[in-house]
Structures are given as C-alpha cells and as structure tokens.
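Asker: UniProt numbering applies: residue 1 is where the sequence shown begins, and numbers increase by one.
The beta-carbon is built from N, C-alpha and C at its ideal position, and this holds for glycine as well.
Computed from a predicted structure; not experimentally measured.
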Amino acid sequence: MSDEASTYFIFNLEKRYLYTLDLKSRKLLSTLKMPSEGTDGIGDWLIDFQRLDDQNFIAQGDNAFYFFNQEGKLMDKIRVDHLFYFNPEMAKKFSNIGFLYKGEQFYFTTGEIGAIESQVLSYNPKSDSFLLREIPFVDLIKNSSIISMVKSFTFSSSPSFVINDFPGGFPIVNRS
Numbered sequence: 001m002s003d004e005a006s007t008y009f010i011f012n013l014e015k016r017y018l019y020t021l022d023l024k025s026r027k028l029l030s031t032l033k034m035p036s037e038g039t040d041g042i043g044d045w046l047i048d049f050q051r052l053d054d055q056n057f058i059a060q061g062d063n064a065f066y067f068f069n070q071e072g073k074l075m076d077k078i079r080v081d082h083l084f085y086f087n088p089e090m091a092k093k094f095s096n097i098g099f100l101y102k103g104e105q106f107y108f109t110t111g112e113i114g115a116i117e118s119q120v121l122s123y124n125p126k127s128d129s130f131l132l133r134e135i136p137f138v139d140l141i142k143n144s145s146i147i148s149m150v151k152s153f154t155f156s157s158s159p160s161f162v163i164n165d166f167p168g169g170f171p172i173v174n175r176s
C-alpha cells in the first residue's frame, strides 16, 4: 500500500506483473510486465516482493534481489549465493521463502525443514557481512503460534511468515 494509503500494489510472482490499483476509484491504474531476461530482467523464479516506497520495489529471486522502479527499470541486483559457498551450513538453514529489507539490510529467518525458525539472519550488502541472532525463547514456542513484543511495529508479509520490525527491537517471525 502507498504511504498515503490511496494506492495498492500487487505483484504476481509467477508472471512478474506489477499491478497498481487506485483504492479511492477502485480502478486499475497500471499493469507492468517485468522481463525475466535482459537489461531490466528480474529472473524467472521469484519468491517474494516488497515495496520500498511508492516508486521502488524489491523482488526476491533464487539467492538474488532485484531492485526496480515503477517504470520497470532494474536499479540494482544483489546476489547472496556466495554466502553459501563460504558457509555451507547456512545453505541448509536459509529458508528462501521471504525477507524484510529495512535500513539497507536484509533480514531472513533460518531453520531446518520441519523445525521452528530459530535465528534471524541480518545481511548487509554494502559491507558483505552477516549476523545470526537467536530468536529469544524459541524453545517455548510451538508451531503456528506468535512470537511478539510489546512495542509498535510494522510488518512485511510473505507466503509463509511475517517478519516484524520493532523500532529499537528485534526483527522476529510470526508463523501463520
């Protein structure tokens, strides 16, 4: 949703379409087809999408992030697969099912298949560094429950979970 809550953005991950809807008039403002290849290509297998602001977006592909604007121009591409070459154990934990981008860092949950996510991975692409932090009291949490803190927050939804970003707090996961 736009900052003033008048426009809604929907990104079809499978077909790579960005739909812009006017919430007041309830009309489709635009449809943008992002190419999979070429100068502005964003790959052919996408996992998640996030709005940065009313003009800029990120699509998560297979170990890559594509920054693009509302006109469909690819602004930047960040690959993270090199992290797995240097840290093969991380490849087993990397969920590859959603992310939060805030403050020029990426946040992901980690965990092995069938287990509750136990860590948050923070990745800073500028310094090419990462930090793994334990989710507090994860052993007390059962699947389909909510880990929460009493603070105001924003959230970014993805197909399998929601990563909450608490100001001055800890980015954590809500399982649905």
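1. Roughly how many angstroms separate the alpha carbons of S122 and E134, rounded to a whole number?
2. Taking V80 as the reference, give the member of R51, K126, F57 with the closest Cα.
3. From the DSSP output, which residues share a beta bridge with Y66?
4. Would you kindly report the start and end of the unbroken beta strand (DSSP E) that includes L18?
5. Evaluate contact between the stretch 33-45 and the stretch 55-64, counting only Cβ atoms and requiring at least three cross-stretch pairs below 8 Å.
6. Tell me, to the nearest whole angstrom, how far the beta carbon of L13 is from that of L21; I am working on the premise that it is less than 8 Å.
7. Output yes or no for whether 9 Å exceeds the beta carbon distance between Q50 and L100.
Answerer: According to the structure shown:
1. What you label residue 122 is simply residue 122 of the sequence shown in a count that begins at 1. What you label residue 134 is simply residue 134 of the sequence shown in a count that begins at 1. Straight-line Cα distance between these residues: approximately 11 Å.
2. Taking the first residue of the sequence shown as 1, we reach residue 80 at position 80. Distances from the CA of V80 to each of R51, K126, F57 were compared; the closest alpha carbon is that of K126.
3. On the sequence shown, residue 66 is found 66 positions in, with the first residue counted as 1. As a beta-bridge residue in DSSP terms, Y66 pairs with A59, K77.
4. In the sequence shown, the residue the question calls residue 18 occupies position 18. DSSP places L18 in the uninterrupted beta strand (DSSP E) bounded by 17-22.
5. Contact holds: three or more Cβ-Cβ distances are below 8 Å.
6. For the purposes of this step, residue 13 is identified with residue 13 of the sequence shown, where counting begins at 1. For the purposes of this step, residue 21 is identified with residue 21 of the sequence shown, where counting begins at 1. About 17 Å; that fails the 8 Å criterion.
7. What you label residue 50 is simply residue 50 of the sequence shown in a count that begins at 1. What you label residue 100 is simply residue 100 of the sequence shown in a count that begins at 1. Yes, these two residues count as a Cβ contact at 9 Å.
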